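Mapping of the sequence shown onto full-length UniProt numbering: position 129 corresponds to residue 129, and the numbering continues sequentially without gaps.
Written below as structure tokens is the structure these notes are about.
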Amino acid sequence: MSDVDTGLRPDDGHDTSPIWVGDQASEQAERPSAPPEAAAPPEYAPVERASLRGLLQDPRYRHLRRRALVALAAGVVFGVLLGGWRIGLTAAILAWAADSVYRARTMSTVPAWRRASAAERRTEAQLKKLERNGYLTLHARAIPGSEAQIDHLVVGPTGVYAVDSEKWDKRLPVRVQTHRKLFHGPFNRKPRLDEARWEAAQASDLISKALGREITVVPSLAIYGPPIPWRILNIRDVDVFSGGLVRKWITKRERSLTTAEIDAIYRAAERVLPARYPE
Numbered sequence: 001m002s003d004v005d006t007g008l009r010p011d012d013g014h015d016t017s018p019i020w021v022g023d024q025a026s027e028q029a030e031r032p033s034a035p036p037e038a039a040a041p042p043e044y045a046p047v048e049r050a051s052l053r054g055l056l057q058d059p060r061y062r063h064l065r066r067r068a069l070v071a072l073a074a075g076v077v078f079g080v081l082l083g084g085w086r087i088g089l090t091a092a093i094l095a096w097a098a099d100s101v102y103r104a105r106t107m108s109t110v111p112a113w114r115r116a117s118a119a120e121r122r123t124e125a126q127l128k129k130l131e132r133n134g135y136l137t138l139h140a141r142a143i144p145g146s147e148a149q150i151d152h153l154v155v156g157p158t159g160v161y162a163v164d165s166e167k168w169d170k171r172l173p174v175r176v177q178t179h180r181k182l183f184h185g186p187f188n189r190k191p192r193l194d195e196a197r198w199e200a201a202q203a204s205d206l207i208s209k210a211l212g213r214e215i216t217v218v219p220s221l222a223i224y225g226p227p228i229p230w231r232i233l234n235i236r237d238v239d240v241f242s243g244g245l246v247r248k249w250i251t252k253r254e255r256s257l258t259t260a261e262i263d264a265i266y267r268a269a270e271r272v273l274p275a276r277y278p279e
């Protein structure tokens with residue numbers, strides 16, 4: 001979900017004073033119009049021509065600049081060491097392709113302005129690595145009829161999981177009491193646990209109705225920031241762990257779903273849990 005809410009809301013800076021359309025219209029009506037011959041000829045703003053330098057400085061192409069530098073460095077190094085421009089060119093092409101593949105695998109599928117926190121991006125990067133093992137993930141899925149959101153819904157061979165990502169203040173310790181109360185410093189995180197459990201229960205009900213059979217969605221809370229003094233702990237029916245353990249938490253379970261079942265559950269979840277930020 002999102003970072004710790006401070007309760008403060010910045011002033012949006014919009015002027016809310018009323019605009020009297022009628023007065024403006026009357027003022028414009030009273031102004032004498034200039035004769036046609038007195039009208040000044042229209043002025044046209046000069047058209048700015050695109051230049052290679054301007055494109056290179058555009059922040060949207062920062063990744064291309066970096067990729068070009070990587071390819072150039074690889075080409076020069078291998079060309080000098082192995083003494084041939086063909087080898088250098090081949091190395092440059094391979095470096096360009098490798099950087100393209102790396103960026104495709106690590107780039108977030110959710111645009112930056114839509115993401116609630118850096119914690120979700122970190123979890124998403126971990127879950128990408130599970131795709132090769134047959135896991136499918138939906139990010140930022142809404143619970144119909146509510147403001148709640150499942151940050152990551154994972155469907156794979158070991159089951160179905162709802163992962164909520166949290167970035168907490170690392171200066172405050174995390175502790176638990178009697179496996180029922182979770183504290184972050186002086187703050188009781190019971191409402192956050194209840195929300196995660198409710199989201200998973202709603203997803204389970206919706207997917208089960210869509211498929212006509214019972215589907216269990218396991219709720220979890222992945223915490224980034226402060227050290228977690230345990231590995232994986234179930235608190236109020238929610239698995240709580242350090243964000244870096246997301247993949248291990250999912251894959252270290254017994255396999256229970258076939259490829260066909262994974263595809264069916266994923267398609268049903270995609271239908272009943274709409275995207276929070278639809279295209």
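Using N, Cα and C, we set each Cβ at its ideal position, and we do this for glycine too.
This structure is a prediction, so every number in the text was calculated from the model and none was measured.
Within-7 Å CB hit, residue i to chain D
i	result
residue 175	Among the chains in the structure shown there is no chain D, since it carries only a single protein chain.
Extent of the continuous beta strand (DSSP E) run through residue i
i	result
residue 124	That residue, residue 124, is in no beta strand (DSSP E); its alpha helix (DSSP H) goes 118-128.
residue 280	Missing from the structure shown is residue 280; the chain here goes from 1 to 279 and no further.
residue 354	One cannot answer for residue 354 here, as it falls past the ends of the chain, which runs 1 to 279.
residue 250	Note, residue 250: premise wrong, no beta strand (DSSP E); alpha helix (DSSP H) at 246-251.
residue 234	232-235
residue 257	Element bounds for residue 257: n/a, residue is neither H nor E.
residue 165	159-167
residue 156	149-156
Spatial neighbours of residue i in its chain, beta-carbon cut-off 8 Å, leaving aside the 5 residues before and after
i	result
residue 66	99
residue 123	151, 152, 163, 165, 222, 243, 246
residue 232	239, 240, 241, 245, 249
residue 253	158, 159
residue 148	142, 195, 198, 199, 202
residue 256	157, 158, 159
residue 234	179, 240
Host alpha helix (DSSP H) of residue i (start-end)
i	result
residue 224	Premise fails: residue 224 lies in the beta strand (DSSP E), 217-224, not in any alpha helix (DSSP H).
residue 204	190-211
Exposure of residue i, with buried meaning 16 or more beta-carbon neighbours within 10 Å
i	result
residue 154	buried
residue 167	buried
residue 191	exposed
residue 189	buried
residue 219	buried
residue 76	exposed
residue 259	exposed
residue 111	Reliability fails at residue 111, whose pLDDT of 46 lies under 50, so the model's placement of it is uncertain and no value is given.
residue 179	exposed
residue 143	buried
residue 69	exposed
residue 74	buried
residue 126	buried
residue 207	buried
residue 93	exposed
Residues that DSSP places opposite residue i in a beta bridge
i	result
residue 183	175, 188
residue 242	223
Neighbourhood of residue i by C-beta, 7 Å cutoff - its chain only, sequence neighbours within 5 removed
i	result
residue 96	67, 71
residue 204	215, 216, 217
residue 172	184, 185, 226
residue 118	167
residue 272	206, 207, 210
Cut-off 6 Å between Cβ atoms - residues of its own chain near residue i, not counting five sequence neighbours on either side
i	result
residue 228	174, 242
residue 78	87, 88, 91
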